[in-house]
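Visitor: Before I ask anything, let me first share the structure, which is written out below as structure tokens.
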Amino acid sequence: MPYTAVHQTRSQSTAWGVASQGQRSQMEYLRQDHETAEAHAARLLAILQERDAKESAESAEWAKAEVVEAACESGTSDGAEGSPGSLEEVEAMLVAQSEERQNPMALEVLKSLQQCAVYTDAPNHETNRKLWDAYANSWNSDKDWVKRMSKHVSRDDLQCLGDEWSDAESLEAVLHEWLYSYLEGCPKVAEIGSGGGRVAARVAPKVERLVCFDLSEGMLARAKSRIAELGHRHVEFQLVQGGTSYPEEYRNCFDFVYSFDVFVHMDLHQMRQTLHCMRSILRPGGLCFISFANLLAPDGWRRFAKQRHYSVGGFYFVSPDIVSCLLKQTGFSLIRMSKPQAGNTYLNRDLLVIASKVA
Numbered sequence: 011m012p013y014t015a016v017h018q019t020r021s022q023s024t025a026w027g028v029a030s031q032g033q034r035s036q037m038e039y040l041r042q043d044h045e046t047a048e049a050h051a052a053r054l055l056a057i058l059q060e061r062d063a064k065e066s067a068e069s070a071e072w073a074k075a076e077v078v079e080a081a082c083e084s085g086t087s088d089g090a091e092g093s094p095g096s097l098e099e100v101e102a103m104l105v106a107q108s109e110e111r112q113n114p115m116a117l118e119v120l121k122s123l124q125q126c127a128v129y130t131d132a133p134n135h136e137t138n139r140k141l142w143d144a145y146a147n148s149w150n151s152d153k154d155w156v157k158r159m160s161k162h163v164s165r166d167d168l169q170c171l172g173d174e175w176s177d178a179e180s181l182e183a184v185l186h187e188w189l190y191s192y193l194e195g196c197p198k199v200a201e202i203g204s205g206g207g208r209v210a211a212r213v214a215p216k217v218e219r220l221v222c223f224d225l226s227e228g229m230l231a232r233a234k235s236r237i238a239e240l241g242h243r244h245v246e247f248q249l250v251q252g253g254t255s256y257p258e259e260y261r262n263c264f265d266f267v268y269s270f271d272v273f274v275h276m277d278l279h280q281m282r283q284t285l286h287c288m289r290s291i292l293r294p295g296g297l298c299f300i301s302f303a304n305l306l307a308p309d310g311w312r313r314f315a316k317q318r319h320y321s322v323g324g325f326y327f328v329s330p331d332i333v334s335c336l337l338k339q340t341g342f343s344l345i346r347m348s349k350p351q352a353g354n355t356y357l358n359r360d361l362l363v364i365a366s367k368v369a
């Protein structure tokens, strides 16, 4: 729907036979049988505008909006970013107006618009934070849902949060080849998305300093408990906000940074943001290890087909080309990329990479 739909004139509103607010029937707000979702949205917008046009306090606002529209159409805009020119930007403007005036009609418009466009939901990192906090707070090896997830894991191997995600053999094979072998000469190491400490517990004995970053307080609490039981005193824990940079004290601090089984839950925008954060805490030339959900791997495709649509806690699938692009655009040089390997939960489902920070 073009931006001009927001600026329907009073004459257009009158032509539609719009009555005064007091006389208007609630039926007029409903979508008619013959209307498309877009036409319905346009009509509701017109109703809203006709009412607001009668309020003298809004006159200046509408005049300004018309100037912005004319500038956008003629290409003579001042160059300011965010000038309304797309459905998403129109929505943002309506939300702002609604919040300012407590306008219920604007909310009705937005509900209608959702039928003909895609809208931004809560940020990916926020949904992940809520999910993993709930997961950490409710996890217990005796819970039925944990048992259902861990049918492939022996009871002896199901000791701590995260053990239910794969068989121990698959995990150890990946860590030996893709993580441990790169830790030599890397005394300062960071983990992005430490979860309950499943990998941190294995890495801690091999490094001088390990800092575990996570956006879930519940997961960090689990990791702290697990590491404390093992007696490791050189491991630190840092809560981060998914949409912001990491603390300045860690800039160029680490020799090696890894993130295992974490990017699989991120959308592309969050992947990009997290890669920037990882780069900021790596020393120049430092290495990183990351795993992604690989759409082109045999088990990756099977899981994708089974998932049917994304849900919180589901996987975001990428391809090798997408990963290569993300790494290049965020300041990394690809060193190594895995190929599917049958018999290993991770190697036959995910894409593993080693990359270095470009100076």
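Start counting the sequence shown at 11; every next residue gets the next number (my numbering). From the three backbone atoms N, C-alpha and C, an ideal C-beta is built for every residue, glycine too.
If you count every other CB in all the chains shown that lies within 10 Å of the CB of Ser235, and 16 or more means buried, which is it?
Guide: The residue you call residue 235 lines up with position 225 of the sequence shown. By the C-beta density criterion, Ser235 is exposed, having fewer than 16 other C-beta atoms within 10 angstroms.
Visitor: Are the CB atoms of Val250 and Phe223 within a distance shorter than 7 Å?
Guide: In the sequence shown, counting from the first residue as 1, residue 223 sits at position 213. In the sequence shown, counting from the first residue as 1, residue 250 sits at position 240. In contact: Phe223 and Val250 (Cβ atoms closer than 7 Å).
Visitor: Quick one: what's got a C-beta closer than 7 Å to Tyr145's C-beta in the same chain, skipping five residues either side?
Guide: Here residue 145 refers to the residue found at position 135 when the sequence shown is read from its first residue. Excluding sequence neighbours, Tyr145 sits near nothing in its chain.
Visitor: Could you check where the beta strand (DSSP E) with Gln248 kicks off and where it finishes?
Guide: As a working note, residue 248 is residue 238 in the sequence shown. Taken as a continuous stretch (DSSP letters only), the beta strand (DSSP E) holding Gln248 covers Val245 to Leu249.
Visitor: Note down the Cα distance separating Leu305 from Gly353, rounded to an integer number of angstroms.
Guide: Locating residue 305 in the sequence shown gives position 295, counting from the first residue. Locating residue 353 in the sequence shown gives position 343, counting from the first residue. Distance between the alpha carbons of Leu305 and Gly353 is about 17 Å.
Visitor: Return helix, strand or coil for Leu297, following the three-state DSSP convention.
Guide: Indexing the sequence shown from 1 puts residue 297 at position 287. Three-state result, Leu297: strand.
Visitor: Quick one: residues in its chain with C-beta nearer than 7 Å to the C-beta of Phe264, no 5 flanking neighbours on either side, listed in chain order?
Guide: For the purposes of this step, residue 264 is identified with residue 254 of the sequence shown, where counting begins at 1. Closer than 7 Å at Cβ, skipping near neighbours: Lys198, Val199, Ala200, Ile291, Leu292, Arg293 and Gly296.
Visitor: Judging by CA-CA distance, which residue of Cys196, Gly195, Gly205 and Ser160 is the nearest neighbour of Asp143?
Guide: Translated into the one-based positions of the sequence shown, residue 143 becomes position 133. Of Cys196, Gly195, Gly205 and Ser160, the residue nearest in Cα terms is Gly205.
Visitor: Between the stretch 181-195 and the stretch 209-224, do at least 3 Cβ pairs fall closer than 8 Å?
Guide: yes
Visitor: Looking at the secondary structure, which residues open and close the beta strand (DSSP E) in which Lys198 lies?
Guide: The count along the sequence shown starts at 1 and reaches residue 198 at position 188. Taken as a continuous stretch (DSSP letters only), the beta strand (DSSP E) holding Lys198 covers Lys198 to Ile202.
Visitor: Kindly indicate the opening and closing residues of the alpha helix (DSSP H) around Ser235.
Guide: On the sequence shown, residue 235 is found 225 positions in, with the first residue counted as 1. Unbroken alpha helix (DSSP H) run through Ser235: Glu227 to Leu240.
Visitor: So, helix, strand or coil for Leu40, using DSSP?
Guide: Walking along the sequence shown from the start, residue 40 turns up at place 30. Coil.
Visitor: Mind checking which residues open and close the beta strand (DSSP E) that includes Arg346?
Guide: For this step, residue 346 is matched to residue 336 along the sequence shown. Counting along the chain, the beta strand (DSSP E) containing Arg346 begins and ends at Phe342 to Met347.
Visitor: Is the distance from the Cβ of Gln351 to the Cβ of Leu357 below 7 Å?
Guide: The sequence position of residue 351 within the sequence shown is 341, counting from 1. The sequence position of residue 357 within the sequence shown is 347, counting from 1. Their beta carbons are under 7 Å apart, which means Gln351 touches Leu357 by this criterion.
Visitor: Express the C-alpha separation of Val267 and Ser151 in angstroms, rounding to a whole number.
Guide: Start at 1 with the first residue of the sequence shown, and residue 151 comes out as number 141. Start at 1 with the first residue of the sequence shown, and residue 267 comes out as number 257. Approximately 30 Å, taken between the alpha carbons.
Visitor: Expressed to the nearest angstrom, what Euclidean distance is found between the alpha-carbon atoms of Ile202 and Tyr256?
Guide: Your numbering for residue 202 matches position 192 in the sequence shown. Your numbering for residue 256 matches position 246 in the sequence shown. Roughly 11 Å separates the two Cα atoms.
Visitor: List the whole-angstrom C-beta distance separating Trp149 from Leu171, where the pair is believed to meet the contact cut-off of C-beta under 8 Å.
Guide: As a working note, residue 149 is residue 139 in the sequence shown. As a working note, residue 171 is residue 161 in the sequence shown. With a Cβ gap of about 5 Å, Trp149 and Leu171 count as contacting.
Visitor: Alpha helix (DSSP H) containing Arg282: first to last residue?
Guide: In the sequence shown, the residue the question calls residue 282 occupies position 272. Start and end: Leu278 to Ile291.
Visitor: To the nearest angstrom, how far is it from the Cα of His242 to the Cα of Glu258?
Guide: Taking the first residue of the sequence shown as position 1, residue 242 is located at position 232. Taking the first residue of the sequence shown as position 1, residue 258 is located at position 248. The alpha-carbon atoms of His242 and Glu258 are separated by roughly 25 Å.
Visitor: Can you tell me the Cα-Cα spacing of Arg232 and Gly207, whole angstroms?
Guide: Position 222 of the sequence shown, counted from the first residue, corresponds to residue 232. Position 197 of the sequence shown, counted from the first residue, corresponds to residue 207. Rounded to whole angstroms, Arg232 to Gly207 spans 7 Å at the Cα level.
Visitor: Would you list the one or two residues that DSSP bridges to Tyr268?
Guide: Your numbering for residue 268 matches position 258 in the sequence shown. BP columns for Tyr268 point to Glu201 and Phe299.
Visitor: Check the DSSP bridge columns for Ile57 and list the partner residues they point to.
Guide: Position 47 of the sequence shown, counting from 1, holds the residue named residue 57. DSSP, once it has assigned bridges, lists no residue as partnering Ile57.
Visitor: Taking all protein chains shown into account, do 16 or more other C-beta atoms lie within 10 angstroms of the C-beta of Leu240, making it buried, or fewer, making it exposed?
Guide: Here residue 240 refers to the residue found at position 230 of the sequence shown. Result: exposed.
Visitor: Would Arg289 be called buried (16 or more neighbouring beta carbons within 10 Å of its own) or exposed?
Guide: As a working note, residue 289 is residue 279 in the sequence shown. Buried, by the Cβ-count rule.
Visitor: Relative to the C-alpha of Ser334, which residue among Thr355, Leu230 and Ile364 is closest?
Guide: Stepping through the sequence shown from its first residue, residue 334 is reached at position 324. Nearest of Thr355, Leu230 and Ile364 to Ser334, Cα basis: Ile364.
Visitor: Does DSSP put Cys335 in a helix, in a strand, or in coil?
Guide: On the sequence shown, position 325 is the one that residue 335 refers to. In the structure shown, Cys335 sits in a helix (DSSP, three-state: H, G or I).
Visitor: Among Gln283, Trp175, Cys287 and Met281, whose alpha-carbon lies nearest the alpha-carbon of Met159?
Guide: Translated into positions along the sequence shown, residue 159 becomes position 149. Here the closest residue by C-alpha is Trp175.
Visitor: Out of Pro330, Phe342, Leu336 and Lys367, which one is the CA nearest neighbour of Arg359?
Guide: Locating residue 359 in the sequence shown gives position 349, counting from the first residue. With distances taken between CA atoms, Arg359 lies nearest to Pro330 out of Pro330, Phe342, Leu336 and Lys367.
Visitor: Kindly identify the DSSP beta-bridge partner or partners of Ser366.
Guide: Stepping through the sequence shown from its first residue, residue 366 is reached at position 356. Its beta-bridge partners are Leu297 and Ser343.
Visitor: Look up Val217 in the DSSP assignment and say whether it is helix, strand or coil.
Guide: By one-based count along the sequence shown, residue 217 stands at place 207. Residue state, collapsed to three classes: coil.
Visitor: Using the Cα positions of Gln248 and Leu55, report the straight-line distance between them to the nearest angstrom.
Guide: By 1-based counting over the sequence shown, the position of residue 248 is 238. By 1-based counting over the sequence shown, the position of residue 55 is 45. Those two C-alpha atoms are separated by around 47 Å.
Visitor: Do Phe270 and Ser301 come within 7 Å of each other at the CB atom, strictly closer than that value?
Guide: Residue mapping note: residue 301 aligns to position 291 of the sequence shown, counting from 1. Residue mapping note: residue 270 aligns to position 260 of the sequence shown, counting from 1. Yes, the pair counts as a contact, with Cβ atoms nearer than the cut-off.
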